[in-house]
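Colleague: Have a look at this one before I ask anything.
In the numbering used here, the protein residues as written are 90 to 438.
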């Protein structure tokens, strides 16, 4: 009976994830269109924060229960999945363009907070401390960094909007100066049916029900997997790095794939980058204000791997116009190699 219920929850969870992601992306796209905000900014903020809610809830709950290994393991594992597996899969479906703004702002911030996380965690190596510990003051630094990042995003978006307004104004002046062409039977074209924009209440419903479907669907899938993983003897840190991380990253996966399929490539990349920054700066910042975060040697090794992977990931993305299928395949291979390492370490060492 228990197995049947687990399978049922798994099926329901996957269905909610897929449909919820579709609604959520539609709502987010409608916001960008209605308020003339770039899809990238919506992906970096609204979508990223929404899809990071599972990581936030799991990490806070784990910290309160004293399962700090699972809490921080969840964040490290989620970022590994976001950067390597999710972007890798999205790039295999369709090459992902990388805009100049992301190269100047998002990737440097991503590398910065990841390196900062490693520096704050390696007390024994750097400061000669007795244990590795992320303190409350260090977590406050993460929150300050996040505020600075969001402020820069808003100012950059405002500047971009003003430039676009000037360009549109110039185009209108040129069009007014051009002589109007007489309509003939040859140049007459049938007007295309414009796709109706979603109304405000429809956008709100799409966001609420879409996000609820994504979060609850991820919970169904991850709870089933976590229960089975612990039953077969996986350690708490490994469960956090793998099963819980994958489960809480399913919203990012489903949403990014849905965005890519709908042609919202900027939103897909923004979701991945924004979620990865939020996982460290916001979630660890909040968890660290609840309780100081001890870092085990196992998790520290994973942080080193995450830092190296993030730097490689960022350099490959920043030096190219887009993330093509070959780069996507490399990212997926890197994630599989990491998973094999984590599982072998758990059972053999």
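No residue lacks a Cβ here, since even glycine has one placed at the ideal position from N, Cα and C.
For residue 181 and residue 413, what's the separation of their Cα atoms in angstroms?
Modeller: Each residue's Cα considered, the two are about 7 Å apart.
Colleague: Could you tell me whether the Cβ atoms of residue 375 and residue 233 are closer together than 8 Å?
Modeller: No; because the gap between Cβ atoms is not below 8 Å, this pair is not in contact.
Colleague: How should residue 272 be labelled, buried or exposed, when 16 other C-beta atoms within 10 angstroms of its C-beta is the threshold for buried?
Modeller: Below a pLDDT of 50, predicted positions are generally treated as unreliable, and residue 272, at 47, falls in that range; the measurement from the model is reported next regardless. The residue is exposed, with fewer than 16 neighbouring Cβ atoms inside 10 Å.
Colleague: If you count every other CB in all the chains shown that lies within 10 Å of the CB of residue 257, and 16 or more means buried, which is it?
Modeller: Note that residue 257 scores 44 on pLDDT, short of 50, meaning its location in the model is unreliable; the coordinates nonetheless yield the value given after this. Label assigned to residue 257: exposed.
Colleague: Name the two residues that bound the continuous alpha helix (DSSP H) containing residue 217.
Modeller: That residue, residue 217, is in no alpha helix (DSSP H); it is neither H nor E in DSSP.
Colleague: Compare the C-alpha of residue 229 against each of 385, 396, 403 and 379 and name the closest.
Modeller: Answer by Cα proximity: 379.
Colleague: List the endpoints of the continuous alpha helix (DSSP H) containing residue 197.
Modeller: First-last of the alpha helix (DSSP H) with residue 197: 196-210.
Colleague: Which same chain residues, not among the five before or five after residue 368, have their C-beta less than 7 Å away from its C-beta?
Modeller: These residues qualify, in order along the chain: 141, 144, 164, 167 and 168.
Colleague: Rounded to whole angstroms, how far is the Cβ of residue 394 from the Cβ of residue 436, which I believe are closer than 8 Å?
Modeller: Between residue 436 and residue 394 the Cβ distance is about 18 Å, and since that is not below 8 Å, they are no contact.
Colleague: If distances are taken between C-alpha atoms only, which option among 193, 373, 422 and 130 comes closest to residue 231?
Modeller: Measuring from the Cα of residue 231, the nearest candidate turns out to be 373.
Colleague: Establish whether the CB of residue 288 and some CB of chain B are separated by less than 8 Å.
Modeller: In the structure shown, chain B does not exist; there is a single protein chain.
Colleague: By how many angstroms is the C-alpha of residue 130 removed from the C-alpha of residue 247?
Modeller: One C-alpha to the other measures close to 11 Å.
Colleague: Tell me the rounded alpha-carbon separation between residue 382 and residue 222.
Modeller: Straight-line Cα distance between these residues: approximately 6 Å.
Colleague: From the DSSP output, in three-state form, read off residue 400 for me.
Modeller: Of the three classes helix, strand and coil, the one that applies to residue 400 here is helix, per DSSP.
Colleague: By Cβ distance, which residues of its chain are closer than 8 Å to residue 421, with the 5 residues on each side in sequence left out?
Modeller: The answer, listed in chain order, is 173, 174, 177, 178 and 181.
Colleague: Please identify the residue among 370, 287, 301 and 101 whose C-alpha is closest to the C-alpha of residue 199.
Modeller: Selected option, being the one with the closest Cα: 370.
Colleague: So, using beta-carbon positions, are residue 287 and residue 119 closer together than 8 Å?
Modeller: Yes. Within cutoff.
Colleague: Look at the Cβ atom of residue 389, then the Cβ atom of residue 210, and state whether they are nearer than 8 Å.
Modeller: Cβ distance < 8 Å, so residue 389 and residue 210 count as in contact.
Colleague: Just to confirm my understanding: we take residue 298, look at its own chain, exclude 5 residues before and 5 after, and list those with CB closer than 8 Å. What are they?
Modeller: If we look at residue 298 and ignore the five residues flanking it on each side, its Cβ neighbours are 109 and 112.
Colleague: Measure the beta-carbon distance from residue 349 to residue 357 and round it to whole angstroms, keeping in mind my assumption that it falls under 8 Å.
Modeller: That belief holds up - the Cβ atoms of residue 349 and residue 357 are roughly 5 Å apart, short of 8 Å.
Colleague: Over the uninterrupted alpha helix (DSSP H) stretch that includes residue 376, give me the two end residues.
Modeller: From DSSP, the alpha helix (DSSP H) with residue 376 extends over 374-379.
Colleague: Taking the C-alpha atoms as reference points, what is the distance between residue 219 and residue 387?
Modeller: Spanning the two alpha carbons is a distance of roughly 16 Å.
Colleague: What's the call for residue 121, buried or exposed, on a 16-neighbour Cβ count within 10 Å?
Modeller: Buried.
Colleague: Decide if residue 430 is buried, meaning its Cβ has at least 16 other Cβ atoms within 10 Å, or exposed.
Modeller: Counting Cβ neighbours within 10 Å, residue 430 comes out exposed, since fewer than 16 surround it.
Colleague: Going by C-alpha to C-alpha distance, which of 433, 424 and 411 sits closest to residue 183?
Modeller: When each option's Cα is compared against that of residue 183, the closest is 411.
Colleague: For the candidate residues 396, 188, 391 and 208, whose alpha-carbon lies nearest to that of residue 162?
Modeller: The shortest C-alpha separation from residue 162 is found at 391.
Colleague: Suppose contacts are defined by Cβ-Cβ distances below 8 Å. Is residue 133 in contact with residue 405 by that definition?
Modeller: Cβ atoms of residue 133 and residue 405: not closer than 8 Å.
Colleague: According to DSSP, what are the bridge partners of residue 186?
Modeller: Residue 186 pairs with 411.
Colleague: Just checking my contact of residue 417 with residue 105 at CB under 8 Å: how many whole Å lie between their CB atoms?
Modeller: Not confirmed; about 26 Å, so no contact.
Colleague: Count the other C-beta atoms from every protein chain shown that fall within 10 angstroms of the C-beta of residue 352, then say buried if there are 16 or more, exposed otherwise.
Modeller: The residue in question, residue 352, is exposed, as its Cβ has fewer than 16 Cβ neighbours within 10 Å.
Colleague: Less than 7 Å between C-beta atoms, sequence neighbours within five positions excluded: which residues of the same chain meet that for residue 403?
Modeller: Taken in chain order, the residues that qualify are 196, 199 and 200.
Colleague: Could you please give the first and the last residue of the uninterrupted alpha helix (DSSP H) stretch that includes residue 170?
Modeller: Looking at the DSSP string, residue 170 is not in any alpha helix (DSSP H), and its letter there is neither H nor E.
Colleague: According to DSSP, is residue 126 part of a helix, a strand, or is it coil?
Modeller: Residue 126 falls in the coil class under three-state DSSP.
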